[in-house]
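Peer 1: This structure is in structure tokens; I'll ask about it shortly.
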Amino acid sequence: MSREQGIKHPSKIQPQDHARSSSTQMAKSTIFHSERLLVGLNCFEVGQEHALHAHSDMDKVYLVSAGVGQFLLEGREIQLVAGQMLVAPADVPHGVRNDGPDQLLVLVFLAPGP
């Protein structure tokens, strides 16, 4: 939800409430967006991936909310499980693949916001 839309301030946010699903590609939902920060939830069904890419002016933080995923960073593959995170600084190629048995939910923080 963007600030322009008038953010509501619940006592807590449940990331899974923002989960989407697509049988053909990773699904994204935006939880919060401002000029300084974007918070989103990326949802990967088994076998889906987000190809290697980089952001020239933004740092990205991945926090696994559910599932198991392979995260690609600087030519390395790093397995993360729920509760673990990874930082992809600006200009560093990164990607994600769900080769686990269940849906992979990843909270994503981008700063500054796109």
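Using the numbering used here, read the sequence shown as starting at 48 and increasing by one per residue. Glycine included, each C-beta is placed from N, C-alpha and C at the ideal position. Quick caveat, the model's predicted, so the values are computed rather than measured.
1. Do the region 69 to 79 and the region 122 to 135 touch if we need at least three Cβ pairs shorter than 8 Å?
2. Give the C-beta separation of LEU120 and HIS141 to the nearest angstrom, bearing in mind that I take them to be a contact with Cβ-Cβ under 8 Å.
3. Exposed or buried, LEU18, counting other C-beta atoms within 10 Å across all chains shown (16 or more means buried)?
4. Ordered along the chain, which non-local residues of its own chain (more than five positions away) have a Cβ less than 6 Å from that of GLU124?
5. Can you tell me whether DSSP reads HIS65 as helix, strand or coil?
6. Within 10 Å of its beta-carbon, does GLY130 have 16 or more other beta-carbons around it, so buried, or fewer, so exposed?
Peer 2: To lay it out plainly:
1. no
2. 5 Å
3. A question about residue 18 goes unanswered here, because the residues of the chain that appear run from 48 up to 161.
4. GLN117
5. helix
6. exposed
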